Amino acid sequence: MFIHQNRGGESVGKATLLWYAGAPEVVYRAGMAKPPVSVGLWDIGAVDRIIEAALAEDLSTGDITGRSTVAAGHQAGARIVAKQELVVCGTSVAARVFARVDPAVEVEICVGDGQRVVRGIEVMRLRGPGRSLLAGERTALNLLQRMSGVATMTRGYVEAIAGRCRVVDTRKTMPGLRPLDRYAVRCGGGHNHRNDLGSGVLIKENHILCAGGITQAITRARAAAPHTMAIECEVQNLDELREALAAGADIVMLDNMGDAEVREAVAITAGRAQLEVSGGVDLQRASEVAGLGIDIISVGRLTHSVPACDLSMLFVG
Numbered sequence: 210m211f212i213h214q215n216r217g218g219e220s221v222g223k224a225t226l227l228w229y230a231g232a233p234e235v236v237y238r239a240g241m242a243k244p245p246v247s248v249g250l251w252d253i254g255a256v257d258r259i260i261e262a263a264l265a266e267d268l269s270t271g272d273i274t275g276r277s278t279v280a281a282g283h284q285a286g287a288r289i290v291a292k293q294e295l296v297v298c299g300t301s302v303a304a305r306v307f308a309r310v311d312p313a314v315e316v317e318i319c320v321g322d323g324q325r326v327v328r329g330i331e332v333m334r335l336r337g338p339g340r341s342l343l344a345g346e347r348t349a350l351n352l353l354q355r356m357s358g359v360a361t362m363t364r365g366y367v368e369a370i371a372g373r374c375r376v377v378d379t380r381k382t383m384p385g386l387r388p389l390d391r392y393a394v395r396c397g398g399g400h401n402h403r404n405d406l407g408s409g410v411l412i413k414e415n416h417i418l419c420a421g422g423i424t425q426a427i428t429r430a431r432a433a434a435p436h437t438m439a440i441e442c443e444v445q446n447l448d449e450l451r452e453a454l455a456a457g458a459d460i461v462m463l464d465n466m467g468d469a470e471v472r473e474a475v476a477i478t479a480g481r482a483q484l485e486v487s488g489g490v491d492l493q494r495a496s497e498v499a500g501l502g503i504d505i506i507s508v509g510r511l512t513h514s515v516p517a518c519d520l521s522m523l524f525v526g
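Numbering follows the numbering used here, in which position 129 of the sequence shown is assigned residue number 338; successive positions increment by one, without gaps.
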């Protein structure tokens with residue numbers, strides 16, 4: 210398999226795939242700018258495990274339709290095309306799917322991750338054994354559509370807040386797909402919250418109840434966590450905010466507070482901690498609350514209920 214891109218990367222058989230800091234350099238259509246985002250390093254092993262599981266799910270008993278209707282030596286070409294306006298994400302993952310199915314498949318990535326395209330734009334081109342293209346089609350599209358959906362929704366939030374604060378995801382990711390979901394958020398211009406339970410302290414209502422109070426929870430977390438780790442605490446009202454600040458919280462999550470409470474919270478905090486707004490934040494709400502002086506908006510819907518984007522793989526002569 211050969212992927213037509215401009216930078217060297219990891220070699221898988223004949224496949225050359227890119228995994229490096231920054232959006233991939235690819236062959237761009239005329240007039241398309243490179244994506245302005247830095248998306249960070251890939252965890253190749255995690256991505257490969259996702260692909261292998263997805264292929265096993267779809268091809269555990271082979272492709273009876275492909276085997277029975279397409280001659281073994283038949284060569285075919287295909288185009289993956291956007292059927293709506295979207296932010297492209299997952300092209301290298303889709304290419305890696307075909308590399309796992311058949312190293313003889315050739316892939317050209319036409320649009321880089323993080324770039325917005327309109328309906329009808331060709332995102333990828335493929336050529337190789339027809340059976341192999343058909344075998345990898347659904348898995349590649351499932352991942353590409355999901356990741357583009359996440360990136361597209363994230364870009365909407367990023368544009369709504371217009372640089373006034375930071376949009377972050379949550380751990381409400383699709384089970385098994387967290388590395389791809391989080392990468393897609395970055396491609397959309399957003400940022401990632403903690404990756405897992407061990408990568409950050411976030412004290413929530415149930416922790417507070419078990420610990421006996423906000424002060425006790427923060428004190429215990431501070432004593433146990435590494436000195437380099439920030440302590441975040443969720444609060445439901447302004448009295449709880451005051452207690453969290455007095456106990457030394459580095460970040461305070463304002464859960465389901467209205468604009469008036471958020472404004473007062475900003476005044477009370479006076480820069481002593483970062484403030485994160487959370488709880489059912491839609492695009493309109495994000496635009497409004499971003500102007501109140503907070504630092505972070507966390508949005509679960511970026512990954513827990515995002516619609517997949519519409520892309521199709523069409524065979525060509």
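For every residue, glycine included, the Cβ atom is placed at its ideal position computed from N, Cα and C. Being a predicted model, the structure only gives us computed values, none of them experimental.
Rounded straight-line distance, which links the Cα of residue j to that of residue i
i	j	result
Tyr366	Leu295	14 Å
Phe524	Gly329	15 Å
Gln293	Val326	8 Å
Ile253	Asp468	42 Å
Asp390	Phe307	20 Å
Thr278	Ala285	13 Å
Leu511	Cys419	30 Å
Leu352	Thr270	21 Å
Secondary structure of residue i, DSSP reduced to three states
i	result
Gly500	helix
Met362	helix
Cys518	coil
Leu389	helix
Asp468	helix
Gly337	strand
His400	strand
Glu288	In the sequence on display, residue 288 carries Arg and not Glu. In this structure, Arg288 counts as strand in the three-state DSSP scheme.
Ile423	helix
Residues near residue i by beta carbon distance below 6 Å, same chain, minus five either side
i	result
Cys298	Asp322, Met356, Ser357, Ala360, Ala393 and Cys396
His283	Gly339
Ala287	Leu335, Leu342, Met522 and Phe524
Gln179	This structure cannot speak to residue 179, because the chain is shown only from 210 to 526.
Outcome for residue i when other beta-carbon atoms lying within 10 angstroms are tallied against a minimum of 16
i	result
Ala455	exposed
Ile273	exposed
Pro388	buried
Glu449	buried
Ala433	exposed
Asp378	buried
Thr300	buried
Glu443	buried
Arg481	exposed
Residue j beta carbon less than 8 Å from that of residue i
i	j	result
His513	Lys413	no
Val302	Val332	no
Val316	Leu264	no
Leu474	Leu492	Note that residue 474 is Ala in the sequence shown here, rather than Leu. No, the Cβ-Cβ distance between Ala474 and Leu492 is not below 8 Å.
Val320	Leu342	no
Ala344	Gly399	no
Ile477	Leu501	no
Cut-off 7 Å between Cβ atoms - residues of its own chain near residue i, not counting five sequence neighbours on either side
i	result
Ile417	Ile423 and Ala426
Arg431	Ile440 and Gly457
Gly488	Asp464 and Asn465
Ala517	Gln354, Arg355 and Gly358
Neighbourhood of residue i by C-beta distance below 8 Å, restricted to the same chain and skipping five residues each side
i	result
Gly337	Met210, Gln284, Ala285, Phe307, Asp311, Ala313, Val314 and Glu315
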